[in-house]
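Those letters in the sequence shown? Residues 15 to 322, per my numbering, in order.
A short worksheet on the structure shown next.
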Amino acid sequence: MKTIAKLLVVAGVVLAAGVAETSAESDRPAVLVCSPNGTWDPRVDLNWLKELKQRGWEPDYLDNHGDFTWERIKRYNVLVLYGCPPERRGQAHTFGYPNRPPYQPEYLALIERYLEAGGGVFCMAYVHNGDEGIRAMIQPWGVRLPLEVYIEEDPNKIAPIPRMRGHERVALVDQVLPSPISDGVRRLWMPYSRSYNTSWTAPVQFSDDWHVVVRGSKTSRSEPVDLSQSTIPAPPDALIRPEGVKEPDLIAIRSYRKGRLFFACQWPQFTVGQGTAWLYDRVVLSKGAKGIPSGPGVVLLVLCRSSR
15 MKTIAKLLVV AGVVLAAGVA ETSAESDRPA VLVCSPNGTW DPRVDLNWLK ELKQRGWEPD
75 YLDNHGDFTW ERIKRYNVLV LYGCPPERRG QAHTFGYPNR PPYQPEYLAL IERYLEAGGG
135 VFCMAYVHNG DEGIRAMIQP WGVRLPLEVY IEEDPNKIAP IPRMRGHERV ALVDQVLPSP
195 ISDGVRRLWM PYSRSYNTSW TAPVQFSDDW HVVVRGSKTS RSEPVDLSQS TIPAPPDALI
255 RPEGVKEPDL IAIRSYRKGR LFFACQWPQF TVGQGTAWLY DRVVLSKGAK GIPSGPGVVL
315 LVLCRSSR
């Protein structure tokens, strides 16, 4: 199994111990991809779900955000989450989420109930302006998203994505730390570019409750967003570390209530969202670049494996 695909699967396994009250096959862990808009946006990769099924999972996805109910989510061992809906009717849409129920208070209460029941949450935050729109969900977990971008200073660790226009690149990350989900994973290629007030793979600030699994390379750093060059204002009370940090944390896991959490801030179309599609060509999931394979797909599989 290739590396990032392995990392992602192993993460799923680690998460999958609880809930699943009515899973059709109780001996197979069930995962629900909570896409707010079904398959028409880059949050559901049907080929990847098919591969999960071949590896012993029962994968599923939401057709729309309104299907996010307790009766639905309690059937699964792992939820894949990307963000939060608006707080109330009429509020501006959050990134990719429709203005319809369940609104944020009910949505967050359902997630906390799910975690209390022993479920696993695989959160791949898909944001564009620090932790705007998602902070209410992640701050109680001990997570903040600084208003920063990820910078790799060694050009030898950067490569273009072959089927794209040349501006879309990946960066090699070689600080994969020992953990239940990273056995056998040494290096990952992460999507690497800036967009809006973030980067495709973004630095994360974790509390001490978290076990960091992936850290930026030794030649990496984070850099505060230059708001003078942005058309998007910073969110209220944005976390800004004036000098940035060297080797920023990128992926971590923790126990929470009676459940488990996996967290990364990365645009999902490169992995769980569309990673097997022709354009993305599994570069981040497994193929890698410059003759070096990538490991996140491995982590996804392990994530799913260890949570049984």
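We put the beta carbon where it would ideally sit given N, CA and C, even for glycine.
Please go through the same chain and pick out, in chain order, the residues whose beta-carbon is closer than 7 Å to the beta-carbon of residue i, but skip the five residues on each side of it.
i              : result
glutamate 39   : In this prediction, glutamate 39 has a pLDDT of 48, which is less than 50 and means its spatial position is unreliable; what the coordinates show is noted afterwards. Result list for glutamate 39: Glu72, in chain order.
tryptophan 281 : Tyr140, Pro205 and Trp214
arginine 114   : His79 and Gly80
glutamine 288  : Pro56, Asp59 and Tyr294
For my contact list, residue i and residue j are in at a C-beta cut-off of 8 Å; report their separation, rounded to the angstrom.
i              : j                 : result
isoleucine 246 : tyrosine 210      : 6 Å
serine 196     : proline 217       : Between proline 217 and serine 196 the Cβ distance is about 19 Å, and since that is not below 8 Å, they are no contact.
valine 157     : phenylalanine 220 : 6 Å
leucine 161    : proline 256       : Not quite, the Cβ-Cβ distance comes to about 11 Å (not below 8 Å), so this is no contact.
leucine 264    : alanine 252       : Not confirmed; about 19 Å, so no contact.
histidine 225  : alanine 266       : 6 Å
threonine 108  : glycine 97        : 6 Å
What's the call for residue i, buried or exposed, on a 16-neighbour Cβ count within 10 Å?
i              : result
histidine 79   : buried
arginine 179   : exposed
valine 297     : buried
threonine 36   : Note that threonine 36 scores 45 on pLDDT, short of 50, meaning its location in the model is unreliable; the coordinates nonetheless yield the value given after this. The residue in question, threonine 36, is exposed, as its Cβ has fewer than 16 Cβ neighbours within 10 Å.
arginine 274   : buried
lysine 304     : exposed
arginine 149   : buried
arginine 229   : buried
serine 244     : exposed
glycine 144    : buried
arginine 268   : buried
asparagine 170 : exposed
serine 193     : buried
glycine 341    : Outside the modelled stretch of the chain, which goes from 15 to 322, sits residue 341, for which no answer is possible.
Near residue i, which residues of its chain fall below 8 Å by C-beta distance, leaving aside the five closest residues on each side in sequence?
i              : result
asparagine 51  : Arg57, Asn78, His79, Gly110 and Pro112
arginine 42    : Gly70, Trp71 and Glu72
isoleucine 172 : Glu166, Arg183, Val184, Ala185, Leu186 and Tyr206
Looking only at DSSP bridge pairs, what is residue i linked to?
i              : result
arginine 158   : Gln219
asparagine 211 : Asn143
aspartate 74   : Leu46
tryptophan 203 : Leu186
glycine 230    : Answer is none; glycine 230 lacks a bridge partner.
proline 174    : Arg183
arginine 235   : Ile165 and Lys260
glycine 198    : DSSP, once it has assigned bridges, lists no residue as partnering glycine 198.
Leaving out five residues on either side along the sequence, give the residues of the same chain with a beta carbon under 6 Å from the beta carbon of residue i.
i            : result
valine 47    : Val58, Tyr75 and Val94
leucine 60   : none
tyrosine 128 : Ile87
glycine 302  : Trp203 and Ser308
tyrosine 121 : Pro99
Quick check: is any heavy atom of the ligand GDP less than 7 Å from the C-beta of residue i?
i             : result
glutamine 280 : No copy of the ligand GDP appears in this structure; indeed no ligand is present at all.
Counting only runs of 4+ residues fully inside the segment 257-321, write out the alpha helix (DSSP H) ranges in chain order.
310-320
Which parts of the segment 106-132 are runs of the alpha helix (DSSP H), unbroken and 4 residues or longer, counting only runs that do not cross its ends?
118-130
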